[in-house]
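>
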Ligand code: GTP
Ligand code: SPV
Ligand code: MN
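Numbering (the numbering used here), first residue to last: 407 to 992.
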């Protein structure tokens, strides 16, 4: 064992005092035993094995169902380096506070040591980590989400270079919960949560918060983005990466099924990733993106044969479901959005439940975990150690009124501006008020491990090194009518918007220049075979409300102001220009 690995394990074992340590090797026998143990203890429920082979149900504590952003900290030496959008604590202070909470926390428990790779083992873009955890549920989820096991450990032992991830569920005490990141030490300490991004440390903690700091220092981008490939009838594939905030449609778009209109012409969509993209500058002056993960930790409610048939197929076997409804009729699962609610069921709280109760049976942030390789439309480039070249980057959020269905930025710099002014209505993916608009630049607000003004600057610098940059777009599937209903049908019909995006990436397709960038002329959005959507509705979806945008500019201005002068000049200038143009229009 590499001395750096041994030293770290010695340290955390001395602190946490587990009864036993168990290295996760990646062998089937070991996982089988862990599933058995988890079923015995009640941590997992084995589902109907005929209907759902190798599938399990888990319920988390009711105080532990989503990321807790107010308990998430960036611990770097200077507060200014964390920026106004992160909670900050001095590293020494956080270490000494947490050491007391970790002390003896694994007495009577096992410590599982999970070596993992983010990316294909052996790729020069891959990074490695070891997560120590007291939770079998975490081990079994990590097995799907990252490339876990001996091959990763062998690489770690070669260099001693790995992200040190320590997780203890402890008592799942909300008040003593901390998700702390120490970018200078490549270290993550998480305690008192056992759910999602708080506990699966490869995901948001490593692949975004720590990796964004690595990316700044090493000249690449770590982003909250899906990656997909669109194959045209000639067999050429164009790749797109898209950043939407949590629970705003990445997983759905990543495995979209093109409408019949496109399918019969020969269009196909291939999924490369649904949540986290690591993006490098290629020798060819393009951006190359790889999925850092190996699985999907997706939102269950709303996932159905209509909205996401590929995901339903992916979930037929080898999946873990968390906080969904347990259908006692046949020991299966159910959530809002699926047909035929069960008549005899327990809800996510483990209480008797019926659809007639009028409450939600599945928690709005209930999730499934499954390996990406099971997805019927997984890209053949999924395991390509070099990733895929990007033709377009898309930003987007949930906005009832302001943002149009789609727009294109004028150039890279303006695209960074568009990313920086993103806002979105909050969702159940984090424990705070749902449905309020907050600024969420590049969908990275909760995930950027350093000052976001420096992050914008980093994006601008990356652009300067590209001779063939992807075009940058913004989409909004979530415009509503006066009754609050979504106007755009979304899901598979989003292909009609991707169609324009791909054409614009190849410098074809018509658009009109507006104060916020290029918006398609209405006839550019193909509405053939689309019931209920007329050219007038498209015109409306593409329209800008001048007075709402003036309000938006004020809101962005005050967001920019929180950075105390650090926002790059070119972005400030773009905001002033936007304001000026809105004023001349009225
Ligand atoms: P995270 O895993 O939290 O990062 O979420 P995500 O961005 O992958 O979101 P996901 O695809 O799981 O979608 C979240 C919610 O948005 C689900 O309830 C979907 O049904 C809904 N949704 C996704 N795409 C669309 C769309 O095109 N239109 C509408 N109206 N809703 C959508
Ligand atoms: C998100 O919230 O963006 C997620 C789920 O993808 S979690 O793993 O909890 O971060
Ligand atoms: Mn996400």
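Built from N, CA and C at the ideal position, the CB exists for glycine as well. Since the structure is predicted, the reported quantities are computational estimates derived from the model, not experimental observations.
1) Report the CB separation of residue 1014 from residue 796 in whole angstroms; it is logged as a contact under 8 Å.
2) Buried or exposed for residue 995, going by 16 or more other Cβ atoms inside 10 Å?
3) Just curious, the alpha helix (DSSP H) that residue 820 is in, first and last residue?
4) Please identify the residue among 886, 463, 978 and 535 whose C-alpha is closest to the C-alpha of residue 558.
5) Taking 8 Å as the threshold (C-beta atoms), are residue 903 and residue 943 in contact?
6) Give me the residue from 937, 909 and 858 with the minimum Cα distance to residue 970.
7) Is residue 830 closer than 8 Å to residue 707 when the C-beta atoms are compared?
8) Can you tell me whether residue 745 is buried or exposed? The criterion is at least 16 other CB atoms within 10 Å of its CB, across all chains shown.
9) What is the DSSP secondary structure of residue 705, counted as helix, strand or coil?
10) Who are the near neighbours of residue 566 in its chain, counting only those whose CB is closer than 8 Å to its CB and skipping five residues on each side?
11) What residue range is occupied by the uninterrupted alpha helix (DSSP H) comprising residue 749?
12) Could you spell out where the beta strand (DSSP E) holding residue 464 opens and where it closes?
13) Are there 16 or more other CB atoms within 10 angstroms of the CB of residue 526, so buried, or fewer, so exposed?
14) Any heavy atom of the ligand MN inside 7 Å of the beta-carbon of residue 846?
15) Does DSSP put residue 571 in a helix, a strand or coil?
16) Give a single yes or no on whether residue 681 has its beta carbon closer than 7 Å to a heavy atom of the ligand SPV.
17) Taking 7 Å as the line, does the beta carbon of residue 830 fall inside it for any heavy atom of the ligand SPV?
18) Per DSSP, what kind of secondary structure is residue 495 in: helix, strand or coil?
19) Thinking residue 425 and residue 514 are a contact (beta carbons under 8 Å), I'd like their distance in whole angstroms, please.
20) If you check the beta carbons only, do residue 802 and residue 846 fall under 8 Å apart?
21) My output table needs one value for residue 927: the three-state DSSP class, helix, strand or coil.
22) Residues in the same chain with beta-carbon distance under 7 Å from residue 728, minus the five sequence neighbours each way, listed in chain order, please.
23) So residue 543 is in the alpha helix (DSSP H); what residue range does that whole segment cover?
24) Touch check for the stretch 749 to 757 and the stretch 483 to 500: three-plus C-beta pairs under 8 Å?
25) Which of the three DSSP states, helix, strand or coil, is assigned to residue 629?
26) So residue 704 and residue 777 are in contact, right, with Cβ under 8 Å, and what is the actual spacing, rounded?
27) Less than 7 Å separating the Cβ of residue 654 from some heavy atom of the ligand GTP?
28) Check whether the Cβ atoms of residue 687 and residue 843 lie closer than 8 Å to each other.
29) For residue 742, which beta-bridge partners are listed by DSSP?
30) Tell whether a beta-carbon distance below 8 Å holds between residue 518 and residue 428.
31) Looking at residue 458 and the ligand MN, is the gap between the Cβ and the nearest heavy atom below 7 Å?
32) Out of 531, 925 and 875, which has the shortest C-alpha to C-alpha gap to residue 882?
33) Assuming residue 430 and residue 520 form a contact by the criterion Cβ under 8 Å, report the distance between their Cβ atoms to the nearest whole angstrom.
34) Roughly how many angstroms separate the alpha carbons of residue 886 and residue 921, rounded to a whole number?
35) May I ask you to check if the CB of residue 387 is nearer than 7 Å to at least one heavy atom of the ligand SPV?
36) Considering only the alpha carbon of each residue, which of 731, 968 and 960 lies closest to residue 982?
To lay it out plainly:
1) This structure gives no information on residue 1014, because the portion of the chain shown stretches from 407 to 992.
2) What is shown of the chain runs 407 to 992, which leaves residue 995 out entirely.
3) 818 to 826
4) 535
5) Their beta carbons are not under 8 Å apart, which means residue 943 does not touch residue 903 by this criterion.
6) 858
7) no
8) exposed
9) strand
10) 408, 409, 410 and 411
11) That residue, residue 749, is in no alpha helix (DSSP H); it is neither H nor E in DSSP.
12) Element bounds for residue 464: 462 to 464.
13) With 16 or more Cβ atoms within 10 Å of its Cβ, residue 526 is classed as buried.
14) no
15) strand
16) yes
17) no
18) coil
19) Confirmed, about 6 Å.
20) no
21) coil
22) 464, 466, 772 and 773.
23) 542 to 551
24) no
25) strand
26) That belief does not hold up - the Cβ atoms of residue 704 and residue 777 are roughly 12 Å apart, past 8 Å.
27) yes
28) no
29) 744
30) yes
31) no
32) Distance from the Cα of residue 882 is smallest, within the candidate group 531, 925 and 875, for 925.
33) 5 Å
34) Between residue 886 and residue 921, the alpha-carbon positions lie close to 22 Å from each other.
35) The structure shown does not extend to residue 387, since the chain is modelled only from 407 through 992, so no value can be given for it.
36) Among 731, 968 and 960, the Cα nearest to that of residue 982 is on 960.
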